[in-house]
Amino acid sequence: MTFFKGTEYARLETDRLELIEINPAMSRVLLNECSDGEIVDFLGLDSIEDFSVDLEKYRTGMETYRISYANFIMVNKQRGRFIGRCGFHMWFALHQRAEIGYAMNSDDDKGKGYMSEAIAALIDHGFGPMGLNRIEAFVGLHNPASQRLMHKFGFTLEGVMREHYCKDGLIEDSLCFSLLKREYIKAI
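Count along the sequence shown starting at 1, add 483, and that's the number in the numbering used here.
Rendered as structure tokens:
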């Protein structure tokens, strides 16, 4: 698409997925220069609502001089369809750390290894081009699938964050996981 000429964004590929970065610069171009239809076509979305979270971050000033984000739309290469999102939704470049987050769009795609594939590429990108030293994850106590994913990639459980986030109107604890660059390099 010619809209993105001069706009820096990453495209990561795995065997089955293409990850398209949605960063502040990309959000700005999409919001100001593209129609909803062009956004949907370019990102392989089902509807513009699939992009609403990323646009809201841009509209509400998520990027500041201290914090930014680098989120990715997950596209199944075989089907050419949006199946989820992953990324660093809180990126503290000055401190070389970021919080990782992820979600599948449909239960039909869960349990097929897509997220493991995406997270592997994301961690490589974080410790590589983004220059991170630490990747953090906050996982719900009642989310064993995410806990297993963190352990699979060598994240260390640091502890419980008491009353850390609100989900469906309920304030819940979360588990704090981290992975340091030196630990990651040692493991590969």
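Glycine included, C-beta positions come from ideal geometry on N, C-alpha and C.
- It is roughly 38 Å from the alpha-carbon of residue 640 to the alpha-carbon of residue 523.
- Residue 662 sits in a strand when the DSSP states are folded into three classes.
- In this structure, 557 is the residue among 557, 561, 579, 611 with its C-alpha nearest to the C-alpha of residue 589.
- The closest CA to that of residue 644, considering only 638, 654, 636, is found on 654.
- Counting along the chain, the unbroken alpha helix (DSSP H) around residue 609 starts and ends at 597 to 610.
- Secondary structure note for residue 629: its alpha helix (DSSP H) is the uninterrupted segment 627 to 635.
- Under the 10 Å beta carbon count, residue 668 is surrounded by fewer than 16 other beta carbons and is classified as exposed.
- Secondary structure of residue 511 (DSSP, three-state): helix.
- In the structure shown, residue 550 adopts coil according to DSSP, grouped into three states.
- Within the same chain, and ignoring the five residues on either side of residue 650 in sequence, the residues whose Cβ sits closer than 8 Å to its Cβ are 623.
- In this structure residue 580 is in contact with residue 617, their Cβ atoms being roughly 4 Å apart against a cut-off of 8 Å.
- Here residue 583 is buried: its Cβ has 16 or more other Cβ atoms, across all protein chains shown, within 10 Å.
- Rounded to the nearest angstrom, the Cβ distance from residue 495 to residue 604 is 5 Å, consistent with a contact under 8 Å.
- In this structure, residue 559 lies away from residue 570, with their beta-carbon atoms at least 8 Å apart.
- Between residue 660 and the set 642, 596, 506, 586, the nearest pair of CA atoms involves 642.
- Taking the CA atoms as reference points, residue 663 sits about 16 Å from residue 573.
- Take the alpha-carbon of residue 550 and the one of residue 507: they are about 11 Å apart.
- Between residue 632 and residue 657, the C-beta spacing is not below 8 Å.
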